[in-house]
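What follows is a single structure, written as structure tokens, with notes after it.
2 protein chains.
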Amino acid sequence: MATLPLPPGSTLGILGGGQLGRMLALAAARLGFDVAVLERDADSPAGRVAAHTIVGAYDDPAALEQLAAVAQVVTFEFENVPADSVLKLQSLGVEVAPGPEALAVAQDRIAEKQFLNASGAPTVAFSAADTAEEAVAATAAMGAPVLMKTRREGYDGKGQRWVEHAADAAAAFTELGGVPVILEAPADFVRELSIIAARGRDGATAVYPLAENHHEGGILRRSLAPAQVSEDLAFQAEKIAARILKGLNYVGVVGIELFELKDGTLLVNEIAPRVHNTGHWTQDGCAADQFEQHIRAVAGWPLAPTVPHARVEMLNLLGDEAEAWSKLAHEPDTRIHLYGKRDPKPGRKMGHVNKLKAL
Amino acid sequence: MATLPLPPGSTLGILGGGQLGRMLALAAARLGFDVAVLERDADSPAGRVAAHTIVGAYDDPAALEQLAAVAQVVTFEFENVPADSVLKLQSLGVEVAPGPEALAVAQDRIAEKQFLNASGAPTVAFSAADTAEEAVAATAAMGAPVLMKTRREGYDGKGQRWVEHAADAAAAFTELGGVPVILEAPADFVRELSIIAARGRDGATAVYPLAENHHEGGILRRSLAPAQVSEDLAFQAEKIAARILKGLNYVGVVGIELFELKDGTLLVNEIAPRVHNTGHWTQDGCAADQFEQHIRAVAGWPLAPTVPHARVEMLNLLGDEAEAWSKLAHEPDTRIHLYGKRDPKPGRKMGHVNKLKAL
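Protein sequences appear in the order of chains A and B. FYI, the numbering used here numbers position 140 of the first sequence as 140, with every residue one higher than the one before it. FYI, the numbering used here numbers position 97 of the second sequence as 1097, with every residue one higher than the one before it.
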């Protein structure tokens, strides 16, 4: 069994070798941990900065056993970790955080919305549909337009379709693969915000200031933080975060995407049980960033303060945009973060910059 | 030959696998570089966060060839890199920075003082002695007490002796191994300061604010930065740094240790052609720290700004002091940096903390 708080010199496991795993690994190293990354690719962004890479699928029992043999605490960079993998690691004496409740909720958009509403965190109206017929009937009942999303998987705008007329729901259902879906009423929002929140193993919580987010084609383009918000709005967001963290008995950092409505109220769009793209600004805006905060929480350390010392505009570098690194390097107030990905496919997150401004 | 500025995705080589190499490797990773560490130990603090570890001595031709096969630019974490190793890497088309001039000066305390005085950077009075007889005569000529140091090697107060009477100089010479020495007049200083300076491949320079340093038993205990100094003192220090950087045709970060005398003038104690323990405060006090600055310089990128956003008290964690990590983790304004060293020998640098204060 893991000794908690986890002492420096211990090995921390990360499922996933992408940019979030990489930045978690760098934060863990600063605190004196060794890192073991479990990842299909022998050469991954996170693996290249970790002491160990274990090559395998996230549900490969042999790979999970190898991970459990070196790592006392395991976390992950993405929400679609198979539940059986978590159980397997736990059965081998490994502490896994965030826990299975958070994963179950985050992996199923219906369970997520039901949990949120039950916790007093408001969302848009929604319906579930498992067949094309159910999708048509539910769209008619809710009234088009609705946003149809697969119940499971999907990210960066993938796995979703707008349905403009109830009659189109069957075709959209087929286009999404004929799998169970959620139908969401449109949110008439004026702004997209997010809050990065953390909960320690001792139940203490901390929230960073809100970020204002701008998406293009379903992909995050830029975040501004701390966002210009009223005290009331900040208070609403913190209350929502507190309910989610407690309701999930959460350990770690969570990203909570919010819609700000015209009337000044907030709806929760979705929750990501991990460090979050809209929290990258904390790397250069706060003394302890979301990556250190997550490592502290899962390792059973006390949480760090979340007070900002700069205002930050975070811009994602997608596809070939990272090729502008030399121009960006000449901007004095631009901090550059690149992920070491080999292949700049269009829309792929290759890095980000944090542009610093006075608070 | 290396393409400069070095594009992200390239591999940067580091000679040395200790804490300075580790923090350089973490900074290089943030900018999207892969890192290859050349180090005698297969398991080293830097190697554990690097994509490649090449196991070998710093003068092992086969290891240097392996390094040259993967790395386009090579730097180092310590000044005692053999000159032949630099020549070997250069002959294989590798860019090595800082360059051979800086190493030659930093490896020989007589050459260092001669260079400094020739550059208009004042030092204490000194003499060279290659034999016990010369040491006695030189001590008598300078007038005891003098500080006898080996001309080469030695760090953290190792390889030096105070000589209180000319007659004791022969014994001290023998105790230091009978190797060539330097005799230094005592500096009647009121304070130890240091300045971390950088020079890019384009000749541009940048200096961080001065740090005030406190040693115990020859080992740095704490630094306070930005130090409380007059404008005149800061100007003197910057002028000294500029002369040193230009005189060595320097590329990278240099640590310059200074004595502040009663009359408000500065003497240079020594220069370290690398990132420096008294610059660790920049990790939490500045937007871009000395490690990123060094990587930028050696990679041919433009230098980053050096404006502080916090005042920092940096404390080294020596030997078993790092075992207080749990207590330190509870201090909200204490940022923890641990090196992943396995064996906490007395006096060994295991980590440091940066305690943040308002500017």
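Don't be surprised by glycine CBs; every beta carbon is placed ideally from N, CA and C.
Contact under 8 Å by Cβ, B/Val-1037 with B/Ala-1025
Contact flag set, yes.
Can you give me the Cβ contacts of A/Ala-288 inside the same chain, cut-off strictly under 6 Å, excluding the 5 residues immediately before and after it?
Correct list, in chain order: Ala-304.
Which value, in whole angstroms, describes the spacing of the CA atoms of B/Gln-1293 and B/Ala-1198?
If you take the alpha carbons of B/Gln-1293 and B/Ala-1198, they lie about 7 Å apart.
In the structure shown, what three-state DSSP assignment does B/Thr-1265 receive?
In the structure shown, B/Thr-1265 sits in coil (DSSP, three-state: anything other than H, G, I, E or B).
At the 8 Å Cβ level, is A/Asp-284 part of the contact set with chain B, yes or no?
Closer than 8 Å: yes.
Looking at the unbroken beta strand (DSSP E) that takes in B/Val-1074, where does it start and where does it end?
From DSSP, the beta strand (DSSP E) with B/Val-1074 extends over 1073–1076.
I need the DSSP call for B/Asn-1080, collapsed to helix, strand or coil.
Residue state for B/Asn-1080 is assigned as coil, using DSSP reduced to three classes.
Are B/Gly-1205 and B/Ala-1169 closer than 8 Å when you measure CB to CB?
The displayed chain sequence assigns Thr, not Gly, to residue 1205 of chain B. With contacts defined by Cβ atoms closer than 8 Å, B/Thr-1205 and B/Ala-1169 do not form a contacting pair.
In the DSSP assignment, the beta strand (DSSP E) including B/Thr-1003 goes from what residue to what residue?
No beta strand (DSSP E) holds B/Thr-1003; DSSP gives it neither H nor E.
Counting only Cβ-Cβ distances shorter than 8 Å, please list the residues of the stretch 330–343 of chain A near chain B, keeping chain order.
Those would be His-330, Pro-332, Asp-333, Arg-335, Ile-336, His-337, Leu-338, Tyr-339, Gly-340, Arg-342, in chain order.
Leaving out the 5 sequence neighbours to the left and right, which residues in its chain are closer than 7 Å to B/Gly-1300 when beta-carbon positions are compared?
Cβ within range, chain order: Leu-1004, Pro-1005, Leu-1006, Arg-1201.
Please check if any C-beta of chain B sits within less than 8 Å of the C-beta of A/Val-353.
Taking Cβ atoms only, chain B never reaches closer than 8 Å to A/Val-353, which makes this a no.
Between the stretch 1310–1321 of chain B and the stretch 1208–1226 of chain B, are three or more C-beta pairs nearer than 8 Å?
Taking a cut-off of 8 Å for Cβ pairs, the stretch 1310–1321 of chain B and the stretch 1208–1226 of chain B touch, as three or more such pairs fall below it.
Rounded to the nearest angstrom, how far is the Cβ of A/Arg-296 from that of A/Phe-78, given a contact under 8 Å?
For A/Arg-296 against A/Phe-78, the beta-carbon gap comes to about 20 Å, at or over 8 Å, which does not count as contact.
Is it buried or exposed for A/Pro-45, if we count other Cβ within 10 angstroms and need 16 for buried?
Buried: at least 16 other Cβ atoms inside 10 Å.
With DSSP run on the structure shown, which of helix, strand or coil describes A/Arg-221?
If DSSP states are grouped into helix, strand and coil, A/Arg-221 belongs with the strands.
Would you mind telling me which residues of chain A sit closer than 8 Å to B/Leu-1356, beta carbon to beta carbon, in chain order?
Within 8 Å Cβ-Cβ: Ala-287.
Given B/Leu-1356 as reference, the closest of B/Glu-1175, B/Pro-1100, B/Ala-1185, B/His-1309 once Cα atoms are compared:
Comparing Cα-Cα distances from B/Leu-1356 to each of B/Glu-1175, B/Pro-1100, B/Ala-1185, B/His-1309, the minimum goes to B/His-1309.
Nonlocal neighbours in the same chain, by C-beta distance under 6 Å from A/Leu-20, ignoring five residues either side
The beta carbon of A/Leu-20 sits closer than 6 Å to the beta carbons of Glu-77, Val-275 from its chain, once the five residues preceding and following it are set aside; these are given in chain order.
Beta-carbon spacing of A/Val-124, A/Glu-175 below 8 Å:
Cβ distance not < 8 Å, so A/Val-124 and A/Glu-175 don't count as in contact.
Backbone secondary structure at A/Phe-308 - three-state DSSP:
Correcting the residue type first, residue 308 of chain A is Pro in the shown sequence and not Phe. Here A/Pro-308 sits in strand by DSSP.
Three-state secondary structure assigned by DSSP to B/Arg-1248
Correcting the residue identity first, residue 1248 of chain B is Leu in this sequence and not Arg. Looking at B/Leu-1248 - three-state DSSP - the assignment turns out to be coil, as it is neither helix nor strand.
Just to make sure I have the definition right: I need the residues of chain A whose C-beta is within less than 8 Å of the C-beta of B/Asp-1059. Which are they?
Within chain A, no residue comes near B/Asp-1059; the closest Cβ sits about 27 Å away, beyond 8 Å.
Return no unless some Cβ of chain B is closer than 8 Å to the Cβ of A/Pro-209.
Output row for A/Pro-209: interface = no.
If you measure between the beta carbons of B/Ala-1097 and B/Val-1136, is that distance less than 8 Å?
No.
Helix, strand or coil, according to DSSP, for B/Ala-1129 in the structure here?
The three-state reading of DSSP puts B/Ala-1129 in strand, counting E and B together.
DSSP three-state label for A/His-276, please.
A/His-276 falls in the coil class under three-state DSSP.
8 Å Cβ cutoff, A/His-280 in contact with chain B
Among the residues facing chain B, A/His-280 is not included, as its CB has no counterpart in that chain under 8 Å away.
For B/Gln-952, report the span of its alpha helix (DSSP H) as first-last.
As displayed, chain B neither begins before 1001 nor continues past 1359, which places residue 952 of chain B out of reach and without an answer.
In terms of residue numbering, what span does the beta strand (DSSP E) encompassing B/Ser-1194 cover?
Boundaries of the beta strand (DSSP E) harbouring B/Ser-1194: 1189–1199, taken from the DSSP string.
Could you pull the DSSP bridge partners for A/His-372 from this structure?
Summary: the structure shown does not reach residue 372 of chain A, with chain A confined to residues 1 through 359, and so no result is reported for it.
Can you tell me the Cα-Cα spacing of A/Ala-62 and B/Phe-1259, whole angstroms?
Approximately 59 Å between the Cα atoms of the pair.
Does the structure place the stretch 1262–1269 of chain B close enough to the stretch 1318–1335 of chain B that three or more beta carbon pairs sit under 8 Å?
Because the criterion of three Cβ pairs below 8 Å is not met, the stretch 1318–1335 of chain B and the stretch 1262–1269 of chain B do not touch.
List the endpoints of the continuous alpha helix (DSSP H) containing A/Leu-176.
Judged by DSSP secondary structure, A/Leu-176 falls outside any alpha helix (DSSP H); it is assigned neither H nor E.
First and last residue of the uninterrupted beta strand (DSSP E) at B/Leu-1183:
Taken as a continuous stretch (DSSP letters only), the beta strand (DSSP E) holding B/Leu-1183 covers 1181–1184.
Mind checking the stretch 1046–1074 of chain B against chain A and listing, in chain order, the residues whose C-beta falls within less than 7 Å of any C-beta there?
Answer set for the stretch 1046–1074 of chain B: Arg-1048, Val-1049, Ala-1051.
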